[in-house]
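106 is the number that full-length UniProt numbering gives to position 106 of the sequence shown; each next residue is one higher, with no gaps.
First comes the structure, then the notes that go with it.
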Amino acid sequence: MAARRGALIALEGVDRAGKSTQGRRLVQALRDAGHRADLLRFPDRSTEIGQLISSYLGREKNLEDHTIHLLFSANRWEHVPMMKEKLHQGITVVVDRYAFSGVAFTSAKGNFGLEWCKQPDVGLPKPDLILFLQLNPEAAAERGDFGHERYETSSFQEKVLQSFYCLMEDKSLNWKTVDASKSIEDLHREIKSIAKETMEEVQNKPLGELWK
Ligand code: T5A
Ligand code: NA
């Protein structure tokens with residue numbers, strides 16, 4: 001019998017929905033329960049590509065809109081060999097944002113079709129579960145002021161949310177919406193239980209390819 005693989009679990013949602021908080025909590029809880037689990041965060045600002053992205057987000061650098069879209073995607077692809085290795089070794093990989101953020105944010109700029117935005121990420125490891133942390137942009141803005149990074153305005157976030165809703169119509173993906181206005185602890189318990197169910201379900205199934 002082939003070795004059991006880990007699950008690929010993506011956390012998505014608008015800015016301030018609590019993705020990073022829940023990602024950290026989830027990986028810690030899985031480890032405490034004896035599972036092997038690792039957290040990855042996109043963008044990963046530590047690589048050369050990630051540093052370019054970070055200076056774009058921090059408004060130190062301007063990049064043309066298609067160019068930055070492709071850099072966000074490249075920042076995911078550069079981690080794919082390591083992600084696949086972990087998953088096949090039985091390690092569950094939790095990703096804090098993934099290709100869906102990539103598509104939702106660029107398409108919210110207007111002048112970008114969803115299909116064009118998806119292309120560079122076609123074939124990435126397909127998440128077994130995408131947890132969408134649902135929070136209205138006004139509530140999100142109240143969680144500490146939006147900073148000065150690009151995209152951190154309520155009107156832009158509203159467009160991002162609409163793009164996410166379009167992506168969620170794709171029933172070939174396992175989207176689960178959770179109410180991110182709950183307390184950190186309640187949300188954590190809900191997420192942990194959905195994640196564990198998914199890990200059980202997919203352990204003997206092949207890893208898929210996104211949007212293929
Ligand atoms: N982007 C990203 C693209 O344009 N294309 C791409 O391909 C990708 C991957 C940076 C930007 O890049 C864009 C999207 C973003 O605009 P980032 O580095 O992930 O992305 O952004 P961050 O600013 O680090 O994170 P977010 O703003 O998205 O916040 P999170 O992770 O959703 O929220 P979190 O956990 O940091 O919590 C925010 C605050 O709320 C509190 C926390 O304590 C914290 O203060 N909080 C709660 N308060 C009350 N109740 C709860 N349940 C709470 N949960 C958290
Ligand atoms: Na975050």
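For each residue, glycine too, the CB sits at the ideal point set by N, CA and C.
Small disclaimer: the values here were computed from a predicted structure and weren't measured.
| Asked | Found |
| --- | --- |
| The ligand T5A heavy atom lying under 7 Å from the CB of G144 | yes |
| beta-carbon D179 near the ligand NA non-hydrogen atom, thresh 7 Å | no |
| Residue 217 beta carbon near the ligand NA (any heavy atom closer than 7 Å) | Because the chain here runs from 1 to 212, residue 217 falls outside it and cannot be looked at. |
| Per-residue burial, M82 [other beta carbons within 10 Å of its own, 16 or more giving buried] | exposed |
| Whole-angstrom C-beta distance between V95 and L11, which should lie under 8 Å | 7 Å |
| contact_flag[the segment 6–25, the segment 176–187] where n(CB pairs < 8 Å) is 3 or more | yes |
| Neighbour-count burial assignment, G113, 16 or more Cβ in a 10 Å radius | exposed |
| Three-state secondary structure assigned by DSSP to R41 | strand |
| Which of helix, strand or coil DSSP assigns to residue 217 | Since the first and last residues shown for the chain are 1 and 212, residue 217 lies out of range. |
| Beta-carbon spacing of R25, G90 below 8 Å | no |
| Residue interval of the beta strand (DSSP E) (run including residue 217) | There is simply no residue 217 to check, as the chain begins at 1 and stops at 212 in what is shown. |
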